[in-house]
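Engineer:
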Amino acid sequence: MFRIHVERVLEKDIESVFEAISDHARYARFPGVSKSLLIEEGSDEKNGTGALRIIGAGRLELTERITRFERPNRMHYQIEKSSPFGVQHTKGEIVLKPEGEQTRVTWVSEGHVQVPLLGGVMDRLAERSFSRAFNSLLKSIERL
Numbered sequence: 002m003f004r005i006h007v008e009r010v011l012e013k014d015i016e017s018v019f020e021a022i023s024d025h026a027r028y029a030r031f032p033g034v035s036k037s038l039l040i041e042e043g044s045d046e047k048n049g050t051g052a053l054r055i056i057g058a059g060r061l062e063l064t065e066r067i068t069r070f071e072r073p074n075r076m077h078y079q080i081e082k083s084s085p086f087g088v089q090h091t092k093g094e095i096v097l098k099p100e101g102e103q104t105r106v107t108w109v110s111e112g113h114v115q116v117p118l119l120g121g122v123m124d125r126l127a128e129r130s131f132s133r134a135f136n137s138l139l140k141s142i143e144r145l
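The sequence shown: position 112 = 113 (our numbering), numbered continuously.
1) What is the C-beta distance between Ile5 and Lys36, in whole angstroms, given that I count them as a contact (C-beta under 8 Å)?
2) Could you give the DSSP three-state label for Met2: helix, strand or coil?
3) Pick out whichever of Arg66, Ile15, Phe31 and Lys140 has its Cα sitting closest to the Cα of Lys47.
4) Mapping DSSP to helix, strand and coil, what is Arg72?
5) Nearest to Leu63 by CA position, among Lys13, Arg54 and Arg69, is which residue?
6) Determine the direct distance from the alpha carbon of Asp14 to that of Val100, and round the result to whole angstroms.
7) Please name the residue or residues paired with Leu63 in a DSSP beta bridge.
8) Leaving out five residues on either side along the sequence, give the residues of the same chain with a beta carbon under 7 Å from the beta carbon of Gln89.
9) Using the DSSP secondary-structure output, state which residues sit across from Tyr78 in a beta bridge.
10) Assuming Glu143 and Glu12 make a contact with CB atoms under 8 Å, what is their CB distance in whole Å?
11) Since Leu39 contacts Ala21 with CB under 8 Å, what's their CB separation in whole angstroms?
12) I need the boundaries of the beta strand (DSSP E) containing Glu16, first residue and last residue.
13) Can you tell me whether Ser35 is helix, strand or coil according to DSSP?
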């Protein structure tokens with residue numbers, strides 16, 4: 002099982018950070034993201050609960066559904082489909098808390114890479130690579 006936990010304080014206000022994180026169609030502006038599409042709009046707002054997005058990074062492609070959306074503090078998501086390997090995703094959440102003029106972002110993702118015999122190795126690889134990717138994305142948001 003992989004467990005990714007990234008926590009960072011950004012020099013940005015909470016509304017700006019939440020908008021950047023929740024604007025799925027514009028993820029391609031971040032380093033390492035080669036594809037970002039909003040496939041279905043959410044029920045409460047465009048990027049909100051129920052929205053379906055595809056995020057690609059090289060050969061990796063994740064189809065994710067937004068399962069909880071509470072502007073500007075919380076967004077949960079579930080990986081519904083992935084390629085080139087399957088992922089059993091059990092938790093995906095992003096929590097934002099204001100700290101004065103700054104914003105604390107806590108990003109947690111948990112699951113299991115479904116590759117026979119290599120799943121455990123792939124889980125450890127996923128932890129390292131996704132932690133780096135999440136940190137890189139947050140650094141990019143701070144520069145926006």
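Glycine residues also receive a C-beta, built at the ideal position from the N, C-alpha and C atoms.
Structural biologist: Well, looking at it:
1) Contact doesn't hold; Cβ gap of about 21 Å is too wide.
2) coil
3) Arg66
4) DSSP places Arg72 in coil when its eight states are reduced to three.
5) Arg54
6) As written in the sequence, residue 100 is Glu, which differs from the Val given in the question. Cα-Cα distance, rounded: 9 Å.
7) Ile56 and Ser83
8) Gly112, His113 and Gln115
9) When DSSP reads this structure, Tyr78 sits in a beta bridge with Ile67.
10) Yes, they are in contact, since the Cβ atoms of Glu143 and Glu12 sit about 6 Å apart, within 8 Å.
11) Contact flag wrong, Cβ pair sits at about 15 Å.
12) In the DSSP assignment, Glu16 falls outside any beta strand (DSSP E) and lies within the alpha helix (DSSP H) extending over Ile15 to Ser23.
13) Ser35: coil per DSSP, three-state reduction.
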